Every structure is written in C-alpha cells, then in structure tokens.
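Q: Residue numbers (the numbering used here): 5 to 118. For glycine and all other residues, C-beta sits at the position ideal for the given N, C-alpha and C. In this text the structure is predicted, and so the values were computed from the model without any measurement. My questions all concern the structure below.
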Amino acid sequence: VQLQAFGGGLVQPGGSLRLSCAASGSSSINTMGWHRQAPGKQRELVATVTGGGSRSYADSVKGRFTISRGNAKSTVYLQMNSLKPEDTAVYYCKVGTYYGNYYWGKGTQVTVSS
Numbered sequence: 005v006q007l008q009a010f011g012g013g014l015v016q017p018g019g020s021l022r023l024s025c026a027a028s029g030s031s032s033i034n035t036m037g038w039h040r041q042a043p044g045k046q047r048e049l050v051a052t053v054t055g056g057g058s059r060s061y062a063d064s065v066k067g068r069f070t071i072s073r074g075n076a077k078s079t080v081y082l083q084m085n086s087l088k089p090e091d092t093a094v095y096y097c098k099v100g101t102y103y104g105n106y107y108w109g110k111g112t113q114v115t116v117s118s
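Structure follows, in structure tokens:
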C-alpha cells in the first residue's frame, strides 16, 4: 500500500487547513486515520474512520477537526478548524487493512503560528 499525503503548511491561530491522504495498491483497506507527532513528544492518535464510517477523535481535537473518506474509500481527509499553536506537529496518515496490516505515509508538517 502506498500513501500520499497533502495539505500541510503554515497557518495562523484560528485558521483552517485540510489534509488529504490517498491510498493505492490495495482493495482491502479498512480503517484510515491521522496521527501526529510534535517535537519532543510521542506520536499520538488524532482521528480515525473505519470502513463502516465510524469515527473517533482525540479529546484535544473534538469539535475542531473532522475526518472523512472519499467516495472511493481510498482517500481520507482531515479538516482542521480553529487551529491552535499546540496543533503544530508532523501529521501522518495511517491505514489498516482487513487482514490486519498497517501502513504509514510520510508525514506532512502543520505549523500554527502568528
């Protein structure tokens, strides 16, 4: 499975960004999600969406971030609103297949700063 992530960048506090991640090479993708890692911190889960459409979010992003999948179910989006400086991190796309395999994409930098 190959993953390509897009959409990172620099944004002011209170602004918005939309990340996208396209998966290819498998027709058995189940869960798709986003994790992030800030400097000096462990990687943490941000949001996930299953093949059935169930979504979950980290408490720190609830009400501000929305995860969704494209119609083909092989693309995942993360709409990030009301961004805060503490959202600054490298964001990674992760997908899991129905066979229990997991794949990570290369990270995309999100920087929230004035």
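Going by Cα to Cα distance, which pick from P89, K66, Y102, G37 is closest to L7?
A: Within the sequence shown, residue 7 is the residue found at index 3, counting from 1. Taking only the C-alpha atoms, the option nearest L7 is G37.
Q: Out of Y106, S28, H39, G12, state which residue places its alpha-carbon closest to the alpha-carbon of T52.
A: Looking up residue 52 in the sequence shown gives position 48. When each option's Cα is compared against that of T52, the closest is H39.
Q: Out of G12, D91, V5, S117, which one is the CA nearest neighbour of S64?
A: Translated into the one-based positions of the sequence shown, residue 64 becomes position 60. Nearest option by C-alpha distance: D91.
Q: Around the Cβ of Y106, are there at least 16 other Cβ atoms within 10 angstroms (buried) or fewer (exposed)?
A: Reading the sequence shown from its first residue, position 102 is the one you call residue 106. By the neighbour-count rule (16 or more Cβ atoms within 10 Å), Y106 is not buried but exposed.
Q: For the candidate residues K98, A62, G67, whose alpha-carbon lies nearest to that of A26?
A: Position 22 of the sequence shown, counted from the first residue, corresponds to residue 26. Nearest option by C-alpha distance: K98.
Q: Using CA atoms only, rank isn't needed, just tell me which of S78, R68, G104 is closest to R22.
A: The count along the sequence shown starts at 1 and reaches residue 22 at position 18. Comparing Cα positions, the closest option is R68.
Q: Give me the Cα-Cα distance between G57 and T115, rounded to the nearest whole angstrom.
A: To locate residue 57, count along the sequence shown from 1; it is residue 53. To locate residue 115, count along the sequence shown from 1; it is residue 111. Their backbone Cα atoms lie some 29 Å apart in a straight line.
Q: Would Y103 be called buried (16 or more neighbouring beta carbons within 10 Å of its own) or exposed?
A: Reading the sequence shown from its first residue, position 99 is the one you call residue 103. When all chains shown are included, Y103 counts as exposed.
Q: Pop quiz: T3 and G11 are said to be a contact at Cβ under 8 Å. What is the actual Cβ separation, rounded to whole angstroms?
A: Because the chain in this structure spans residues 5 to 118, residue 3 falls outside the shown range and cannot be described.
Q: Quick one, are the C-beta atoms of N34 and G55 less than 8 Å apart?
A: One-based indexing of the sequence shown puts residue 34 at position 30. One-based indexing of the sequence shown puts residue 55 at position 51. Taking 8 Å as the Cβ cut-off, N34 and G55 qualify as a contacting pair.
Q: Looking at C-alpha atoms only, which residue of P17, G13, A9, V5 is the closest neighbour of N85?
A: In the sequence shown, counting from the first residue as 1, residue 85 sits at position 81. N85 has its Cα closest to that of P17, out of P17, G13, A9, V5.
Q: May I ask which residues mark the beginning and end of the beta strand (DSSP E) holding S24?
A: By 1-based counting over the sequence shown, the position of residue 24 is 20. 21-28 is the extent of the beta strand (DSSP E) around S24.
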